[in-house]
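Contents: one structure, followed by commentary.
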Amino acid sequence: MSTVAASRPSLQEEVTLVELVDRVLNKGVVLTGDVTLAVADVDLVYVGLRLLLSSVSTLERGAEDAA
Amino acid sequence: MIHLYAFARKLPALPTATGLADTPLERVDVGGIAAIFTTHGHDELEPSRDLALVHGRVITLLDTHAHDVLPVRFGERFGDVEQLRAAVGERRLELEASFARVSGCVEIGLRLLDERRAEPRPASTGTEYMRALQASGAGNRDAEDAHRRLEALSRAARVSSRPGESFCASYLVPRSRVAEVRQVVERWTAEHPDVALVCTGPWAPFSFAMEAV
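Chains A and B supply the protein sequences, listed in that same order.
Taking our numbering, the leading residue of the first sequence gets 1, the next gets one more, and so forth.
Taking our numbering, the leading residue of the second sequence gets 1001, the next gets one more, and so forth.
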């Protein structure tokens, strides 16, 4: 389920991937408490999110230009 | 080396699938809890976003085969199956409590997208700065309205954004209410076309696998 507009399938897919990576790296059961990987990989999520947000504004600018 | 993906209850058979490095999924059962893992050589796996996605997709697949799934955070590794079995045995009561908490539910995510935070640009004037700050706060106030509506349909809710950050939360929703949640979100987004609020899921209950801190 996603409420991202149906006219933006690639954005919808990107949001889903970022959300999944965020959950995998930052949520879930921790048994050993080894946080090294999570800390090292937080930047990956952040980079993904920045890219995603850039694409949002690019899309919006594109829509304005077309109007 | 053992890479752990998830714990499952009532998993009749492992799906025929592979995990990291195309390695077949395996299981070890400890008192009714199945731990799902793959076996690798030392230093075989360099952590990356792609491996994290494979880890997440394995959990999503397991969620369709088992009655209940507890996702494990990426990066939980053990020397061998006996070490894994011992670790599960030590935490068995805690895991049982987590299964009871999430049983019959899925997770729904809500996130406010705010491009001002993605590309911070120094405002040239104080007025501009205050205007940007107020606009950002308005988005969060709208998101909190959506949050209240979803929370009312959920068994539990956890807000992961800190004060001043763009709103982000997860909801533990009974499977029987997912359609209702979808309708509420669709109605809300139709009423607020200017707010970039995205709702994702259903996910396995990643955000509710551990006791709230």
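The beta carbon of each residue, even a glycine, is placed where N, CA and C say it ideally should be.
Note that the structure is predicted; figures quoted are calculated from it, not measured.
Compare the C-beta of B/His-1055 with all C-beta atoms of chain A and state if any pair is closer than 8 Å. Yes, contact with chain A.
Buried/exposed call for B/Leu-1051, threshold 16 Cβ in 10 Å: buried
For A/Glu-19, which residues in chain B fall below 9 Å Cβ to Cβ? Gly-1109, Arg-1111, Val-1198, Thr-1200, Gly-1201 and Trp-1203
Pairwise C-alpha distance: B/Val-1069 and B/Arg-1009: Between B/Arg-1009 and B/Val-1069, the C-alpha separation is close to 7 Å.
Thinking C-alpha only, which one of B/Glu-1090, B/Pro-1024, B/Cys-1168 and B/Glu-1076 is nearest A/Val-24? B/Glu-1076
What do you get for B/Asp-1142, buried or exposed, if any count of 16 or more other CB atoms within 10 angstroms of its CB means buried? buried
With the cut-off set at 8 Å, would you say B/Leu-1062 and B/Ala-1006 are in Cβ contact? Against a cut-off of 8 Å, the Cβ pair of B/Ala-1006 and B/Leu-1062 comes out as a contact.
Counting only C-beta atoms, is B/Phe-1206 closer than 8 Å to chain A at any point? yes
Establish whether the CB of B/Met-1001 and some CB of chain A are separated by less than 8 Å. no
Just the C-alpha distance for B/Ala-1146 and B/Trp-1188, rounded to the nearest angstrom, thanks. 7 Å
Does the Cβ of B/Phe-1208 have 16 or more other Cβ atoms within 10 Å, making it buried, or fewer, making it exposed? buried
Along chain A, which residues have their Cβ under 8 Å away from the Cβ of B/Ala-1143? The contacting residues do not exist; B/Ala-1143 stays about 13 Å from chain A at best.
Of all the options B/Ala-1196, B/Pro-1163 and B/Arg-1155, which has the alpha carbon lying nearest to the alpha carbon of B/Pro-1174? B/Arg-1155
Cut-off 7 Å between Cβ atoms - residues of its own chain near B/Thr-1064, not counting five sequence neighbours on either side: Excluding sequence neighbours, B/Thr-1064 sits near nothing in its chain.
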